[in-house]
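**Student:** Numbers 1 to 643, taken from full-length UniProt numbering, label the letters of the sequence shown in order.
The beta-carbon is built from N, C-alpha and C at its ideal position, and this holds for glycine as well.
Sharing a structure below in structure tokens format, with a few things to ask.
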Amino acid sequence: MSFRLKTILGIAAIEALLLTILIVSGLHYLTVSNQDQLLQRGQSTAKLVATMTADAVIAVDLATLDALIEQSLQNEDIVYLRIRNQSGQVLSQGGDDNALGQTFREDNTIDAAQSDQRLDVSAPVQIAGTNFGQIELGLSTAKLETTIAAAFKWMASIALSEMVLVALAGWILGTYLTRQLRSLKAGAKQVATGDFGHQISVRGKDELADTAISFNQMSQSLRRYADLAEEARLKAESGREFAENTLRDALDSMQDGVVIFDKNEDIVLMNKSYEACYNLTDKVTNGSIKSARTLFFAQSSFHKKDQASFLQSALDKLHNPDRHRRWEHNLKDGRHLLIAQQTMSNGGIVLVQTDVTQLYETLEENRQLQMELMQRHKTEALGTMAGGMAHEINTPVQFISDNIAFVASGVSDLCSMINDLRDRSKKTGSLTEIHLSQAMETADWDFLHEELPQAVNEMQTGIQRIRDQIVTFKQFASADSGEKELVNLKEAIQTSLKISQMDLKSDIKIDVNAPSDDRLASISCNRTQINQVIHSLVSNAFHAIEDTHRSDGKIDIELKNHGESISIAIRDNGCGIPEDQLPKIFDTLYTTKEPGRGTGHGLALCQRIVERDHGGAFDVSSKPDQGSCFTFSLPFKRTYKAA
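Here is the structure:
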């Protein structure tokens, strides 16, 4: 609804309300005044007829009464006329038969006469205050109602004409007043469509003209703000484009492949490294790869898995993503890929693909190097052991040599004694007891009889010790076949202790606590590698105690069967390891020993043998000046760990 129409309707409504009030009040005044006049006329007419018929009523002159009634009925307003005597008997009557047939009820007001459109009035016939009868008559109210209806029509016509004229004047006035508003409306529409700075014509100097001026100023301000906003938008767009290009250039310069999916798994961005990894450049350019499914389908031919299982596995990871997830892909051409998946806050997913083939090759080279280092370490241990073994062998060899010299001397004396006895017997022809006693005394037979068996026994013991050392040396120095076999760890501990004691202090007390049942101390493992671990840990314990120069050095070795695994704990009361160095002791080339006493490979190699090669666990606890405890466990059922 337009402002002009609202103005016209508003004026018309006000005019209609005022005219309605005027018409209603005018008609009410007209009706009330005419009703009062009609009531007074009826009462006056009744009194007049009563005066005119008084003599005839007293004389009961019916002819005169009939004539008077007939004459009175000539008045169109009188509906009926009735004359009664003082006893109520009708002397004469005339007029409408229906009205005469009804019981007379006098109407004191016009409202009471509305029901039958007739005003019933009466007047007494009196002379000198004496009542001789009563006049009853009815006046018609139809003429009054017709007059009022005609007045209503006339007044309504005048009011309607006035309303039309007022509406026309309002339309003309509204058109004049809203002309500026229409211009403002058209200008506002132009501004709403983006035509900032649009100007409208200003007419007059009234409030609407001031509004038009303000509108023009506002439009100019919007134009300036729009220009600034456009400039800022272009700058932001340029910055966004620069940032996107920088991001794309940065991603394209990365060796890692990167692909970004939105929450609907559609591809948002893919860098060149990812495209090159699977030869996807042409497919991305022609638009055949737009979603995760089409991308993984294109990748599936490069993987070792069959196409269906790879596609399902890749989509499952994407449909049920963790916040962070990593896995590996091995391609048919031998490449190894490390995939990292990151879920963004908006539901999107980022996949970062790293080619770790060279890393795998480096790890393999390092593994070979570790094997070489292990062999070198073993060789060094064998050298140390050989020195100790030479010392161990030299001792029994020394007393064997002394005993052999003694036996040789004793045999020489026996031979001399026997030869002397033989010579004397030839001269005398008989061997006397005196000669025999002299020969035995000369040969010191009592000493030889006592010492020769003991020397022979010592030589046998020394030879057995040499044999035992050689057997131990062979067991420890045997070539590593890489095969797993059932190994009694108690025997492995004893072998390692024998080897370690060859070159280390012998006054250190060693206690071994192990199950009495060999079946509870046996496990399938690589004998050579486990011997190497035990020997390395025991040697470290010896060195730790030696560094303290204490006379009460002690090493406790405890072997336990836990049902699912076997553990060996080697505890010493040596110098211990500082707390800040504990996290580093398993690092390759890291050592807490003085230069020349350690290579930094021992514990790293032990950890690798236990954890990676045997699926076990390695643990260490230590307190400075109190000692250390190295514990490793081997599972009965081996589990492999990634290199």
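What are the boundary residues of the alpha helix (DSSP H) that residue 647 is part of?
**Tutor:** Residue 647 lies beyond the residue range present for the chain, which begins at 1 and ends at 643; the question has no answer from this structure.
**Student:** 7 Å is my cut-off, CB to CB: does Ala54 come that close to chain C?
**Tutor:** Among the chains of the structure shown, chain C does not appear; only one protein chain is present.
**Student:** Nearest to residue 673 by CA position, among Lys290, His319, Pro583 and Val350, is which residue?
**Tutor:** The structure shown does not extend to residue 673, since the chain is modelled only from 1 to 643, so the question has no answer here.
**Student:** Roughly how many angstroms separate the alpha carbons of Asn526 and Phe261, rounded to a whole number?
**Tutor:** Here the question's residue 526 lines up with position 526 in the sequence shown. Here the question's residue 261 lines up with position 261 in the sequence shown. So the alpha carbons of these two residues sit roughly 49 Å apart.
**Student:** What three-state label does DSSP hand Asp306 in the structure shown?
**Tutor:** Counted from its first residue, the sequence shown places residue 306 at position 306. Asp306: coil per DSSP, three-state reduction.
**Student:** Which residues share a DSSP beta bridge with Ala298?
**Tutor:** On the sequence shown, residue 298 is found 298 positions in, with the first residue counted as 1. DSSP output for Ala298 lists no bridge partner at all.
**Student:** Could you tell me if Ile213 is buried or exposed, where buried requires 16 or more neighbouring beta carbons within 10 angstroms of its beta carbon?
**Tutor:** By one-based count along the sequence shown, residue 213 stands at place 213. When all chains shown are included, Ile213 counts as exposed.
**Student:** What three-state label does DSSP hand Leu269 in the structure shown?
**Tutor:** Counting from one through the sequence shown, the residue named residue 269 turns up at place 269. Here Leu269 sits in strand by DSSP.
**Student:** Secondary structure at Val202, three-state DSSP: helix, strand or coil?
**Tutor:** If you number the sequence shown from 1, residue 202 lands on position 202. Val202: coil per DSSP, three-state reduction.
**Student:** In three-state terms, what does DSSP make of Val60?
**Tutor:** Residue mapping note: residue 60 aligns to position 60 of the sequence shown, counting from 1. Reduced to three states, the DSSP call for Val60 is coil.
**Student:** Whether or not the region 195–204 and the region 229–237 are in contact is what I'm after, with contact meaning three or more pairs of Cβ atoms, one per stretch, closer than 8 Å; do they touch?
**Tutor:** no
**Student:** Can you tell me whether Leu17 is buried or exposed? The criterion is at least 16 other CB atoms within 10 Å of its CB, across all chains shown.
**Tutor:** For the purposes of this step, residue 17 is identified with residue 17 of the sequence shown, where counting begins at 1. Answer is exposed; the Cβ neighbour count stays below 16.
**Student:** In whole angstroms, what is the alpha-carbon distance linking Ala585 and Asp507?
**Tutor:** Here residue 585 refers to the residue found at position 585 when the sequence shown is read from its first residue. Here residue 507 refers to the residue found at position 507 when the sequence shown is read from its first residue. Reading the sequence as shown, one finds Ile at residue 585 and not Ala. Cα-Cα distance, rounded: 28 Å.
**Student:** Please give me, in chain order, every unbroken run of the alpha helix (DSSP H) with length at least 4 that falls completely inside the region 238–295.
**Tutor:** 272–277 and 281–285
**Student:** Between which residues of its own chain and Ser522 is the CB-CB distance below 8 Å, once the five residues before and five after are set aside?
**Tutor:** Position 522 of the sequence shown, counted from the first residue, corresponds to residue 522. Excluding positions up to five away in sequence, the list reads Leu486, Val487, Asn488 and Leu489.
**Student:** Between His303 and Phe310, how many whole angstroms is the CB-CB distance? I'm expecting something under 8 Å.
**Tutor:** Residue mapping note: residue 303 aligns to position 303 of the sequence shown, counting from 1. Residue mapping note: residue 310 aligns to position 310 of the sequence shown, counting from 1. That belief holds up - the Cβ atoms of His303 and Phe310 are roughly 5 Å apart, short of 8 Å.
**Student:** Thinking C-alpha only, which one of Lys560, Ile530 and Ala569 is nearest Ala541?
**Tutor:** In the sequence shown, residue 541 corresponds to position 541, counting from 1. That would be Ala569, whose Cα lies nearest to the Cα of Ala541.
**Student:** I need the DSSP call for Gln74, collapsed to helix, strand or coil.
**Tutor:** Locating residue 74 in the sequence shown gives position 74, where the first residue counts as 1. The answer is coil: DSSP assigns Gln74 none of H, G, I, E or B.
**Student:** Taking buried to mean at least 16 other C-beta atoms within 10 Å of its own C-beta, is Ser516 buried or exposed?
**Tutor:** Position 516 of the sequence shown, counted from the first residue, corresponds to residue 516. Counting Cβ neighbours within 10 Å, Ser516 comes out exposed, since fewer than 16 surround it.
**Student:** DSSP three-state label for residue 718, please.
**Tutor:** In the structure as shown, the chain begins at 1 and stops at 643. Residue 718 is therefore absent and cannot be evaluated.
**Student:** Would you mind sorting Leu295 into buried or exposed? The rule is 16 or more other CB atoms within 10 Å of its CB.
**Tutor:** As a position in the sequence shown, residue 295 is number 295, starting the count at 1. Buried is the call here.
**Student:** Run the CB neighbour count on Gln134, radius 10 Å, all protein chains shown included, and call it buried at 16 or more, exposed below.
**Tutor:** Against the sequence shown, residue 134 aligns to sequence position 134. By the neighbour-count rule (16 or more Cβ atoms within 10 Å), Gln134 is buried.
**Student:** Cutting at 7 Å between CB atoms, please list the residues of its own chain near Ala603, excluding the five before and the five after it.
**Tutor:** Here residue 603 corresponds to residue number 603 of the sequence shown, with the count starting at 1. It should be noted that the sequence gives Leu, not Ala, for residue 603. Residues Ile585 and Phe586 of the same chain have their beta carbon placed closer than 7 Å to that of Leu603, with the five preceding and five following residues left out of the count.
**Student:** Short of 8 Å in beta carbon distance, which residues of its chain neighbour Gly347, apart from the five on each side in sequence? Order them along the chain.
**Tutor:** Here residue 347 refers to the residue found at position 347 when the sequence shown is read from its first residue. Asp262 and Lys263.
**Student:** I need the boundaries of the alpha helix (DSSP H) containing Thr548, first residue and last residue.
**Tutor:** Here residue 548 corresponds to residue number 548 of the sequence shown, with the count starting at 1. Start and end: Arg527 to Thr548.
**Student:** What did DSSP end up calling Val191 once you bin it into helix, strand or coil?
**Tutor:** On the sequence shown, position 191 is the one that residue 191 refers to. The answer is helix: DSSP assigns Val191 an H, G or I state.
**Student:** Decide if Gln529 is buried, meaning its Cβ has at least 16 other Cβ atoms within 10 Å, or exposed.
**Tutor:** Position 529 of the sequence shown, counted from the first residue, corresponds to residue 529. Buried, since its Cβ has 16 or more Cβ neighbours within 10 Å.
**Student:** For Ala159, which option in Val610, Asp613 and Ala13 has the closest C-alpha, if you only look at C-alpha atoms?
**Tutor:** For the purposes of this step, residue 159 is identified with residue 159 of the sequence shown, where counting begins at 1. Cα-wise, what sits closest to Ala159 is Ala13.
**Student:** The beta strand (DSSP E) with Ala123 in it runs from where to where?
**Tutor:** Indexing the sequence shown from 1 puts residue 123 at position 123. Ala123 -> beta strand (DSSP E) spans Arg118 to Ile127.
**Student:** Would you be able to state if there are at least three C-beta pairs under 8 Å between the region 145–157 and the region 53–72?
**Tutor:** no
**Student:** Mapping the DSSP letters down to three states, classify Gly627 as helix, strand or coil.
**Tutor:** Counting from 1 along the sequence shown, the entry for residue 627 is found at position 627. Strand, per DSSP.
**Student:** I need the DSSP call for Ala340, collapsed to helix, strand or coil.
**Tutor:** Numbered from its first residue, the sequence shown carries residue 340 at position 340. Correct three-state label for Ala340: strand.
**Student:** Quick check on the DSSP output: the beta strand (DSSP E) that includes Arg572 runs from which residue to which?
**Tutor:** Mapped onto the sequence shown, residue 572 falls at position 572. Looking at the sequence shown, residue 572 is not Arg but Asp. Ser565 to Asp572 is the extent of the beta strand (DSSP E) around Asp572.
**Student:** For the structure I just gave you, are there three or more beta carbon pairs, one from the region 124–142 and one from the region 38–45, closer than 8 Å?
**Tutor:** yes
**Student:** At the level of alpha carbons, what is the spacing between Leu222 and Thr211?
**Tutor:** Along the sequence shown, one-based indexing puts residue 222 at 222. Along the sequence shown, one-based indexing puts residue 211 at 211. Here the alpha carbon of Leu222 sits roughly 16 Å from the alpha carbon of Thr211.
**Student:** So for Ala479, helix, strand or coil by DSSP?
**Tutor:** Along the sequence shown, read from residue 1 onward, the residue named residue 479 stands at position 479. For Ala479, the pLDDT reaches just 44, beneath the cut-off of 50, and the residue's location in the model is therefore unreliable, leaving the point undetermined.
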